[in-house]
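Asks: Pasting in a structure now, in structure tokens, and then I'll have a few things to ask.
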Amino acid sequence: MDSQNRTSESSGPDLRREGKEKAVVEEATVPVKLDIEHAEVKDDPRKWSKTRKYIIVAMISAASMIAGLGANIYNPAISNIEADLHATPSQLSLTLSLFILIQGGFPLIWSSVSEIQGRKTVYLASIALCMVGCIVAATSKTISVLIGMRCLQAAGSSAVISIGAATLADIYEPSERGTMMGIYYCAPLLGPSLGPILGGVLTQGFNWRATFWFLAIFTGLCTISFAFFRDTFRRERSLTYQTVLKRVLTQEAKKAAAEGARQSDMEEARGKSNEEAGDGDVEARAALPASETPAAVKEVRLSLKDVNPIGPMLRVLYRRNNVVILFASGEPVCVESITYTASRTLANKYHYDALDTGLVLLAYGVGCLLGSVLGGRYSDHVFRKLKARDGGKSQPEARTLTMVPMLFFPPSVVAYGWVSYIVDANVGRSSSAVASNSFFRGVSAFVATEVAVPLQDSIGDGGLYSLWGGLTLISELLILLVWWKGGQWREKAIAGEVRRSG
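Going by the UniProt record's numbering, the sequence shown runs without a break in its numbering and finishes at 502.
Rendered as structure tokens:
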């Protein structure tokens with residue numbers, strides 16, 4: 001009995017010490033933000049004036065046009081490039097397909113860098129990189145150099161694709177994003193149609209190199225404008241930062257608990273009783289470092305390991321609703337195929353010159369423009385209406401209802417919808433989510449452009465465009481599936497993430 005009593009008495013301080021250490025850890029992790037979307041930040045971008053916000057939208061819209069122009073501006077000059085650089089059709093096809101592939105994949109890197117350096121640094125570095133690629137492409141003497149510089153242009157122009165949508169999420173509330181997404185996407189959607197017209201005019205007036213000199217000047221002006229850009233990124237609203245913050249706080253709490261236990265052991269060694277060792281002094285000593293934790297955490301900086309793009313992408317893909325909407329968003333890949341093959345058909349079969357081909361493709365761009373603006377406003381209208389119906393609780397899946405008419409309109413009508421949805425459905429991961437969307441579309445578009453000409457030659461224009469019509473139908477069904485089951489999938493995934501994070 002005596003030995004049992006001594007054992008229980010000796011284990012008592014250990015149990016109390018473990019309880020205190022656990023309490024310190026729990027107390028230290030309290031400051032982590034739960035509502036990242038509305039976390040308090042200094043100089044909140046959402047409280048900026050409307051004028052400043054409109055200027056930001058105009059800046060990123062203009063910069064986002066680089067991607068669309070860069071992909072298509074030289075289409076009317078393909079025959080000129082082929083003759084001047086002694087290139088084969090397959091080599092010329094690579095200048096487009098590799099451009100699209102890299103433009104789709106590189107946003108994963110840019111979005112990660114923006115988590116460390118902010119939006120402004122990424123805008124300046126990426127657009128300047130694109131400008132260098134345009135200048136070297138304009139002076140290239142071989143098709144190999146042109147292909148390489150097209151890859152460089154793609155890498156530089158891709159940043160705005162993901163960071164632009166994330167910037168809008170920085171400055172606008174969810175109920176306003178649909179309209180602004182529609183306005184923002186006017187430029188990149190119009191770019192593929194304006195590109196051939198500009199390319200036709202420049203090629204006929206000068207030569208094919210003038211198309212890249214034009215892009216060099218345009219990207220230079222965008223770079224200058226972003227020198228005056230006021231950064232919108234706030235780390236408190238970044239899920240990546242909050243995850244790192246929680247880890248650091250937990251580490252600080254463990255250190256505090258260990259220090260408290262060590263001090264307690266030292267007091268016991270001096271001959272203090274168990275009651276004295278369990279006094280409030282130990283809690284005070286353990287709590288002291290915890291109270292200082294917020295000050296120590298002020299200098300928390302993210303590393304490249306923290307912003308590894310693969311992790312956020314996998315977390316985005318972990319949610320079933322995201323996977324389905326990504327497959328649906330791959331539908332606009334037919335745009336790249338149609339514009340490329342249409343240019344080829346109009347030139348070879350109907351003997352259209354570069355300018356006439358560009359004018360034909362302009363009709364598509366005008367439809368994109370109208371669909372983006374009107375669709376964005378309608379998306380916000382439906383979002384607010386359903387939010388009011390549900391007692392002020394918003395559901396990202398509400399936006400998918402506005403995408404049903406996609407069977408009757410160009411893909412641009414619904415482009416705003418899935419981008420707005422994937423931003424709303426991934427709070428704190430907007431840039432990673434949009435980058436994943438861009439990556440998926442880039443890979444899909446790469447495959448589409450590589451198989452476009454062989455398919456066109458084998459099954460003709462009718463068969464090729466019927467194929468794209470079938471893909472549109474599949475996308476429609478997937479979007480309806482997200483509207484039906486997306487909310488359940490998203491909430492289940494969030495609950496799983498909470499359990500895994502402890």
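Ideal Cβ placement from N, Cα and C applies to all residues, glycine included.
In this text, all values refer to a predicted model and were calculated from it rather than measured experimentally.
How many angstroms separate the CA atom of residue 95 from the CA atom of residue 148?
Replies: The alpha-carbon atoms of residue 95 and residue 148 are separated by roughly 8 Å.
Asks: In angstroms with no decimal places, state the Cα-to-Cα distance between residue 360 and residue 99.
Replies: Taking the straight line from one Cα to the other gives about 23 Å.
Asks: Is DSSP giving residue 106 helix, strand or coil here?
Replies: Here residue 106 sits in coil by DSSP.
Asks: If you drop the 5 nearest sequence neighbours on each side, which residues of the same chain put their C-beta closer than 6 Å to that of residue 191?
Replies: Within the same chain, residue 191 has close Cβ partners 65, 68, 69.
Asks: Let me make sure I understand the geometry here. Which of 189, 145, 181, 176 has the alpha-carbon closest to that of residue 85?
Replies: Ranking 189, 145, 181, 176 by Cα distance to residue 85 puts 145 first.
Asks: Specify the secondary structure class of residue 213 as computed by DSSP and reduced to three states.
Replies: Reduced to three states, the DSSP call for residue 213 is helix.
Asks: Identify the continuous alpha helix (DSSP H) that holds residue 170 and give its terminal residues.
Replies: Note, residue 170: alpha helix (DSSP H), 159-171.
Asks: Could you say which of 78, 117, 140, 223 lies nearest to residue 130 if we only look at CA atoms?
Replies: Checking every option, the nearest Cα to that of residue 130 belongs to 223.
Asks: Taking residue 504 as the reference, give the member of 447, 138, 202, 169 with the closest Cα.
Replies: This structure cannot settle anything about residue 504, because the visible part of the chain is limited to 1 through 502.
Asks: Between which two residues does the alpha helix (DSSP H) containing residue 41 stretch?
Replies: Premise fails: residue 41 is in no alpha helix (DSSP H) and is neither H nor E.
Asks: Across the region 157-165 and the region 39-46, are there enough close Cβ pairs to call them in contact, namely three or more that are closer than 8 Å?
Replies: Verdict: no, contact absent.
Asks: From residue 384 to residue 179, what does the alpha carbon distance come to, in whole angstroms?
Replies: Approximately 12 Å, taken between the alpha carbons.
Asks: Can residue 196 and residue 72 be called in contact, C-beta distance under 7 Å?
Replies: Going by C-beta atoms, residue 196 is nearer than 7 Å to residue 72.
Asks: Assign residue 288 to buried or exposed, taking buried as 16 or more other Cβ atoms, counted over all protein chains shown, within 10 Å of its Cβ.
Replies: Here residue 288 scores only 38 on pLDDT, less than 50, and its place in the model should not be relied on; the value that follows carries that caveat. Exposed: under 16 other Cβ atoms inside 10 Å.
Asks: Roughly how far, in whole angstroms, is the beta-carbon of residue 352 from the beta-carbon of residue 211, given that I think they are within contact range, below 8 Å?
Replies: Rounded, the Cβ-Cβ distance is 18 Å, inconsistent with contact.
Asks: Using the rule of at least 16 other Cβ atoms within 10 Å of the residue's Cβ for burial, across every protein chain shown, is residue 188 buried or exposed?
Replies: Label assigned to residue 188: buried.
Asks: Going by Cα to Cα distance, which pick from 77, 108, 51, 263 is closest to residue 204?
Replies: Of the listed residues, the one whose Cα sits closest to residue 204 is 77.
Asks: Please confirm whether any heavy atom of the ligand SAH lies closer than 6 Å to the CB of residue 183.
Replies: Ligands displayed in this structure: none; no statement on the ligand SAH is therefore possible.
Asks: Do residue 184 and residue 61 come within 7 Å of each other at the CB atom, strictly closer than that value?
Replies: In contact: residue 61 and residue 184 (Cβ atoms closer than 7 Å).
Asks: Reducing DSSP to helix, strand and coil, say where residue 64 ends up.
Replies: Helix at residue 64.
Asks: Measuring straight from C-alpha to C-alpha, what distance separates residue 118 and residue 231?
Replies: Going from the Cα of residue 118 to the Cα of residue 231 covers about 7 Å.
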